[in-house]
Amino acid sequence: MNNAYEKNETVAIWGDSLAKGVVWNERRGRHTYAQETAVAVAGRELDIRVINRARFGYTAPQGLALMEKDLAGGMTADAAVIEFGGNDCNFDWQAISDDPDGEHHPNTLPHVFADTLRRMVALLRERGIRPILMTLPPIDAEKYFRFLVGDKLNAANILRWLGDKQRIYRFQEMYSLLIERVARQMQCMLIDLRQSCLLDRDMFFMLCDDGLHLTEEGQRFVGAQIAALVREG
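The numbering of the sequence shown is the UniProt record's numbering, which starts it at 1 and goes up by one.
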């Protein structure tokens, strides 16, 4: 299978806020969009045309539905990046805060997440589009815990349910490992963004105060990393 990219190719990306370029604006107290997104940086460095179909807050099942709609409408590309998992592994923290002894599930169960990725890969191949999976960048569990609790949720209750704050990191890591597994099973190209990020000692300084989203600097860094990883094949 030829995974190498060529200049001037058209590459679509279906993903979530990472691919959309969402950052946390501390001054405004809300999420905004980066002036230059990681996807834009990677596209420029690779000299490819990018069709960005990422959506803030989307899970893999929502992404599959959007992909099906886009392709049914005639959209096409030479290759497509699939970037999901960050919202799939998240929980209803309000519900956990209210009932820490109850049973709670992630937005997308692990087996459903993996199956949805496989369906995306198969769908793209049916349309003659080369599928590319991408692992998740790491998160800062301490920052995220403070952010999600804020001044509205019960920190003690959430921590009781979690066991320890780093369970947030480990659970997100599991979804990234599922992406790797699907890439092996389906024999498709994998951009191992997580490993590349973890090798950089400054990575955690490039995460916003919400512990999840990249800063403006982080967007540029990740864009350059994606371009380098794609060139390596």
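Using N, Cα and C, we set each Cβ at its ideal position, and we do this for glycine too. Note that the structure is predicted; figures quoted are calculated from it, not measured.
Taking every protein chain shown into account, the CB of G63 has 16 or more other CB atoms within 10 angstroms, so this residue is buried. The alpha-carbon separation between L207 and L123 amounts to approximately 33 Å. Per DSSP, N87 is not a residue of any alpha helix (DSSP H), being assigned neither H nor E. In this structure the stretch 69-86 lies against the stretch 124-142, because at least three pairs of beta carbons, one per stretch, are closer than 8 Å. Per DSSP, T59 lies in no beta strand (DSSP E) segment and is marked neither H nor E. Note that the C-beta distance between Q166 and A183 is not below 8 Å.
Boundaries cannot be given for G29, as no beta strand (DSSP E) includes it and DSSP labels it neither H nor E. DSSP, read as helix, strand or coil, puts G223 in helix.
Judged by DSSP secondary structure, P131 falls within the beta strand (DSSP E) whose first and last residues are R130 to M134.
Scanning A19, Y58, V121 and Y169 for the CA closest to the CA of Q185 turns up V121. Around the beta carbon of R194, 16 or more other beta carbons sit within 10 angstroms, so the residue counts as buried.
The C-alpha of V23 lies about 30 Å from the C-alpha of E6. The shortest CA-to-CA distance from V230 to any of A42, G128 and A60 is the one to A42. Our two residues, A228 and F145, have alpha carbons roughly 32 Å apart in a direct line.
Residue D115 holds the alpha-carbon nearest to the alpha-carbon of I179 among D115, G128, G21 and V39.
The straight-line gap separating the alpha-carbon atoms of L148 and D210 is approximately 8 Å.
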